[in-house]
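Residue numbers (the UniProt record's numbering), protein chains in the order written: chain B, 1 to 664; chain U, 1 to 299.
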Amino acid sequence: MRLRQGRRQEGARTSSRLFATYAAASLVPVVALAAVMMQGYQRDAAEQGESQGLAQAAVIAEMAIGPALGGEEASGARGGGLTDGLSASQTEGMHRATEHAIFHGLVLRLRVRSFTGRVVFSDDGSTSGGVPVADPDFQAAANGGSRAKVLNGDVDVIRVLQPLITSASGQSIGVLELYLPYEPIAKQLREQVTSTWWRMGGGLAALYLVLALLAWWTTRSLSRYAARQEHSAQHDALTGLPNRAAFRARAETVLAGAARDGGRGAVVLVDLNRFKEVNDTLGHLAGDELLQVVATRMRAALGPENILARLGGDEFAAVLPGLGAVEAMALLATVREQASEELVLNGVPLRIEASFGVALYPEHGTAYQQLMHHADAAMYQGKRGTTGIVLFSGAGAGHPHQWLMVQAELRHALERDELVLHYQPKVGLPGGEVRGLEALVRWQHPHHGLLPPGEFLPAAEHSGLIVPLTEWVLRRALADQLCWTATGQDWALSVNVSARNLEVPGFPRFVLDLLAEVGTPAHRLILEVTETALVSDMDTAVRAIAQLGASGVGISVDDFGAGYTGLSQLRGLPITEIKIDRAFVADVAHDPQSQAIVRSVIELAHGLGSRVTAEGVETPEVCQWLAGVGCDEAQGYLFGRPVPWPQVGPVPVVPSTEVEEVRR
Amino acid sequence: MAAAGVLLMLATGACSRGGSDEQSDPFDATAGVAVDRELHDRLPESVRNKGFIRLVTDASYAPMEYFAADGRTIIGFEPDLAAALGEVLGIRAEMVVGPFSTALDDVVAGTYDGVLSMMTDTAERREQADFVNYFHTGTSIVVQRGNPQGISDLNSLCGKVVATEKGTFQETMLRRVQKTCGDRSMTIADFPTNADALVQLRTGRAAAVLNDFPAAMYLATGSRTSAFFEMASDEQYEVSLLGIAVSKESSELRDCLRAALDRLITSGVYTELLTRWGLNSGAIPTAMVNGQPAEPAAG
């Protein structure tokens, strides 16, 4: 939680920094635009002021000064201009024409200059002062141009130099130098500039506001998008739990913290049992729904302080920081209980079990990988057993890493003939005579001694070695059967066949060929298949079963009741035997529900034309009850543990009196 | 004298053919103009010594001669013609602004070397000076646009105020018409320049102004003036020759100017200059003095 909050704060910081950058970046062009526009406008205003000055001067020159200096005296005769000065009448005319304008301040200063620069008339009578002849403005005016220039001083003045034209023929006779008040013009321009400032400033501010809003909106969307991306990169889309990568990161953080602070805790791997069956039978949508429900339940049961992630498929993982072995196991028991509560998928009520493998830190390691391996090993151990939650117990566990070794060694074992077959008798009820033997494989390991199937069969199943292994078992068992037949025993032979065997094309042919080879009648061989084999990849498996059954080979459904066999799947199959799972048999003598189930199964099997065999019969009491309800055969320690076939001895006789009691 | 004229022609032709100083300037459209040494040498010594002649003009008569926008430079057909003449003669021909009414007197007095100001070559004036003829045209009546006073011909000017430039041929024309008006008396207002007279017309103080046809046409069609002026009719009255008035004392200058003008006419420069100013209608086939071709002038 703290972690997530921290990340959110960091995201907000990044986002606001990005926004600030955007805002600053968009401010630059806005300000630049404002500066350029304002500069241009001010320049335009200044030019406008100058042209106003020029226009005023032109009017003054044409309407007042031209006529005053005009007349016969000025025209033509003065081809060279005003070099000789003005005549008295011209001077008088000039005074009369300009004195009021000068007196009222419409003209601040006025000079009439000859081309050589001589002042031939001025408003105050002086003949000095004025613009130097070398001044570009003067030169321009002497050559017919008009120039205006604003002079900034105590009072702003606009100076105009223009050609002095006094006759209709357009002849220029000198330069007119005029100084006009600029203040009224400047005031008008200032007002214009000010109002433009406000209008433009407002417009640009609005523009900037829009840009800033856009930037804000964009950064917000971006940061949200980034957060979403980050979330989906770290979370499983189906369940919303962290994914494998995120789990690893978080787990490593927790582990590092624990290593630093001396903390402890547990790493847990969870795998749903028989999930594949749900997926296969009810469809992937149901499978997904199941995963969601289980994930929600586990998440709720674990509480917020623990990390739960989905690693993929039906595999989950958890880190329980701060918990010791006892607390972890207690918590996981609750989790398991809640996760396996009944749920209804597609109208089918079902209960899903999960296997938990637990590794503790620092006891079992401090590195993530190591702990995960250990938890994995423990989980597989759990999958094979019945406890469901297995705490890693060090060496000896069916470590997945060891599987590779097991697989390699098993290959050699097949070649070196290290495998041996033990047989467990199946007896008839109520007589107790041995009717058949179930072949069970053992591994006489050169270093580890005699290994039970649980030690190596999962690895074989996993790798495909199960196919040669089963073939080996069939071959050896049929050979053994020949032997005991030779000693006068007509015991049938039961061999366990995995779903993978049935899926191999040509398996029925192999079996039948083998039977023919050893000369054993098909009915003396019973192939035991699990319910799983009937449902997984049904077509191939079902066809194989049908073919074998049609050839007379007995087909037995092993562990019936433990799985999810639909009754419809039994229909139409040549089932010769149904073996009731030991779970129902164990307490059948006392538990009315188990009794009801067993009775129904027996009835069902008989109805389908099959024999019924009860597995795991360990007490005479159970045996009697079973015999009483019409169970055909029984198997279990009561009648003998798996042993090499020559050691299969006579089985204890079941007293028939107790059968009567049970019946009552 | 005829022989001398022929000799002159030959001499100039020979000079032109054999002239080593004839330069053709690729950047000058009037490259046919070249200094004629022979003519140059025939100029009066005083002119040769100072290297220029001064021709007085009243620059208020577009497109013949008027002020450029700067108010100081004189432009038009006549300044161009003067420059070309100067080039042939190997001297500078300056245009100087002066009042028209006294121009002839100033030339007689020796103030200027000649008048080049669209001056009509009249018998009266020939008493004072000789004319090197370069153009011919008649006189047109210029009125306000729309002709509010309904002027149709010279007689309809009777009873009106007519403005004119002082001392012009048009003024004398008006005086003649004035005498025929009887009790509908015509008021003739004369002004120092043609522009001043046009101001009177523009401001409604005069009903008409008489101008030479090219100047009248220019007023009636120019972009700045056509909004205010038009010609009363297409009629040209009293078509006459115009000429550069030269003092009778300066016959060498007069003959040199005539010869130089002939050179311009034969080389095409004359036509080129007329075309530039839209004056082809006033062209004359050969240069004359006092209305006579070379022989009588030379005689």
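In this text, a Cβ means the ideal position worked out from N, Cα and C, and glycines have one as well.
Taking C-beta pairs closer than 8 Å, name the residues in chain B that residue i reaches, listed in chain order.
i                        : result
aspartate 130 of chain U : Under the 8 Å cutoff, chain B gives no residues; its nearest Cβ is about 24 Å from aspartate 130 of chain U.
threonine 122 of chain U : The contacting residues do not exist; threonine 122 of chain U stays about 21 Å from chain B at best.
Give me the Cα-Cα distance between residue i and residue j, rounded to the nearest whole angstrom.
i                         : j                            : result
glutamine 139 of chain B  : serine 114 of chain B        : 12 Å
residue 668 of chain B    : arginine 571 of chain B      : The question about residue 668 of chain B has no answer here: the residues shown for chain B are numbered 1 through 664.
glycine 607 of chain B    : serine 600 of chain B        : 10 Å
threonine 83 of chain B   : valine 120 of chain B        : 8 Å
alanine 297 of chain U    : glycine 243 of chain U       : Residue placement at alanine 297 of chain U is flagged as unreliable, the pLDDT there being 42, under the threshold of 50; a coordinate-derived value is accordingly withheld.
glutamate 45 of chain U   : phenylalanine 103 of chain B : 59 Å
alanine 237 of chain B    : proline 574 of chain B       : 44 Å
serine 16 of chain B      : leucine 211 of chain B       : 15 Å
isoleucine 307 of chain B : threonine 530 of chain B     : 36 Å
glutamine 170 of chain U  : valine 33 of chain U         : 34 Å
leucine 465 of chain B    : alanine 227 of chain B       : 47 Å
leucine 18 of chain B     : alanine 205 of chain B       : 21 Å
alanine 23 of chain B     : serine 221 of chain B        : 16 Å
histidine 447 of chain B  : glycine 454 of chain B       : 17 Å
By the 10 Å Cβ neighbour count, where 16 or more other Cβ atoms means buried, how is residue i classified, buried or exposed?
i                         : result
lysine 160 of chain U     : buried
threonine 116 of chain B  : exposed
threonine 470 of chain B  : buried
methionine 288 of chain U : buried
methionine 63 of chain B  : exposed
arginine 224 of chain U   : exposed
alanine 59 of chain U     : buried
aspartate 513 of chain B  : exposed
proline 644 of chain B    : exposed
arginine 78 of chain B    : Low per-residue confidence applies at arginine 78 of chain B: pLDDT is 45, beneath 50, and the placement is therefore not dependable, though the value from the model is reported in the following sentence. Burial call: buried.
serine 24 of chain U      : Reliability fails at serine 24 of chain U, whose pLDDT of 48 lies under 50, so the model's placement of it is uncertain and the value that follows must be treated cautiously. The residue is exposed, with fewer than 16 neighbouring Cβ atoms inside 10 Å.
arginine 260 of chain B   : exposed
Under a CB-based cut-off of 8 Å, is residue i close to chain U?
i                         : result
isoleucine 165 of chain B : yes
glycine 117 of chain B    : no
Considering only residues of the same chain and omitting the five flanking positions on each side of residue i, which have a CB-CB separation below 6 Å?
i                        : result
valine 612 of chain B    : Ile578, Ile602, Ala605, Cys631 and Asp632
tyrosine 134 of chain U  : Leu261
valine 254 of chain B    : Val319 and Pro321
histidine 445 of chain B : Leu451
leucine 323 of chain B   : Gly265 and Ala266
histidine 399 of chain B : The pLDDT assigned to histidine 399 of chain B is 49, lower than 50, so where the model puts this residue is not dependable, and the model offers no usable value.
leucine 525 of chain B   : Leu493 and Val553
Ordered along the chain, which non-local residues of its own chain (more than five positions away) have a Cβ less than 8 Å from that of residue i?
i                        : result
alanine 220 of chain U   : Val142, Ser226, Phe229, Glu230 and Met231
serine 51 of chain B     : Ala148
glycine 552 of chain B   : Pro521, Ala522 and His523
leucine 626 of chain B   : Leu429, Val585, Val588, Val598, Ala614, Val617 and Ala634
threonine 271 of chain U : Ile265, Asn280 and Ala283
Any beta carbon of chain B sitting closer than 8 Å to that of residue i?
i                           : result
phenylalanine 67 of chain U : yes
Chain U partners of residue i, CB-CB under 9 Å?
i                      : result
glycine 170 of chain B : Ala59, Ser60, Tyr66, Phe67, Ala68, Ala69, Gly71 and Ala195
Which residues in the same chain have their Cβ closer than 7 Å to the Cβ of residue i, if we skip the five residues on either side of it in sequence?
i                        : result
valine 473 of chain B    : Leu421, Ala439, Val441 and Val495
glycine 396 of chain B   : Below a pLDDT of 50, predicted positions are generally treated as unreliable, and glycine 396 of chain B, at 49, falls in that range; no measurement from the model is reported.
glutamine 128 of chain U : Leu104 and Val108
aspartate 587 of chain B : Ser594
leucine 548 of chain B   : Pro508, Val511, Leu527 and Ile555
List, in order along the chain, the chain U residues whose C-beta lies closer than 7 Å to that of residue i?
i                         : result
asparagine 143 of chain B : Asp70
Give a single yes or no on whether residue i has its beta carbon closer than 7 Å to a heavy atom of the ligand COA.
i                     : result
valine 629 of chain B : In the structure on display, the ligand COA does not appear, and there are no ligands present to speak of.
*Chain-ordered residues of the region 192-220 of chain U with a beta carbon less than 8 Å from chain D*: Chain labels in this structure do not include chain D; the protein chains are B and U.
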